[in-house]
Amino acid sequence: MSLTQPTNTNENAVVLDELDFAILGQLQEDGRRSFTDMAENLKTSASTIRSRASKLIEDKTIQIVGRVNTARVGFHAYVHIKISVRPANLIESVAAQLQEFREVSFLAVTSGDFDIQVDVMCRDNNHLLEVINQRIPNIEGVYQTKTDMYIKILKYSQPDLGLLNKPK
Numbered sequence: 073m074s075l076t077q078p079t080n081t082n083e084n085a086v087v088l089d090e091l092d093f094a095i096l097g098q099l100q101e102d103g104r105r106s107f108t109d110m111a112e113n114l115k116t117s118a119s120t121i122r123s124r125a126s127k128l129i130e131d132k133t134i135q136i137v138g139r140v141n142t143a144r145v146g147f148h149a150y151v152h153i154k155i156s157v158r159p160a161n162l163i164e165s166v167a168a169q170l171q172e173f174r175e176v177s178f179l180a181v182t183s184g185d186f187d188i189q190v191d192v193m194c195r196d197n198n199h200l201l202e203v204i205n206q207r208i209p210n211i212e213g214v215y216q217t218k219t220d221m222y223i224k225i226l227k228y229s230q231p232d233l234g235l236l237n238k239p240k
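Position one of the sequence shown corresponds to residue 73 (this note's numbering), numbered consecutively onward.
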């Protein structure tokens, strides 16, 4: 198996080998999988898995977290907001302020008709209204927003690492 490495020239990019990708795949299946179990599955030693996993955590390639079923714990309003910023030199400032919102689960600067896209999770519609009608519009530079509500989440997953395999 040959894996594609990052093609950008980002000096922060890390080079991963097949074992690193295999460990990432094992952890995506079960983030609580033991090093011993992974070592048996990957035909290597537990100490090798431990040191590789520690390096992946240290260089911020992975972060071990528990994924919460948001609807089951009380988040009932989940929206996607597109934000247009004027003047354009305020985009980074607006994004930095949005990044501080506890409700924000995804944030990106984009190209196209809008400058920023953000996903927001709120307890209920009243909480959502506070965020989209009071807090976001009060950020200097927010010119226009477009909000789409997620009615039902059908798939929420991590990327399939198998997509990085080079075609033969």
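Ideal Cβ positions, reconstructed from N, Cα and C, are used throughout, including at glycine.
- Going by C-alpha positions, Q169 is about 11 angstroms away from V176.
- Taking Y215 as reference, the option from M110, D131, Q171 and V157 with the minimal CA-CA separation is V157.
- For the beta strand (DSSP E) assignment, the uninterrupted runs of no fewer than 3 residues enclosed by the stretch 85 to 161 are, from N- to C-terminal side, 149 to 157.
- Remark: three or more beta-carbon pairs, one from each stretch, lie closer than 8 angstroms, so the stretch 215 to 232 and the stretch 144 to 158 are flagged as touching.
- Excluding five sequence positions before and after G138, the CB atoms of its chain that fall closer than 8 angstroms to its own CB belong to G103, given in chain order.
- When the beta-carbon positions are compared, V192 and V151 come within less than 7 angstroms of each other.
- The continuous alpha helix (DSSP H) containing I163 extends over residues I163 to Q171.
- Under the three-state reduction of DSSP output, I204 falls in the helix class.
- When F93, V145 and L201 are compared, the shortest CA-CA separation from K127 is found for F93.
- Put simply, of F186, Q100 and S229 the residue whose alpha carbon is nearest the alpha carbon of N141 is S229.
- Counting along the chain, the unbroken beta strand (DSSP E) around Y215 starts and ends at V214 to Y222.
- By the neighbour-count definition (other C-beta atoms within 10 Å, threshold 16), G146 is an exposed residue.
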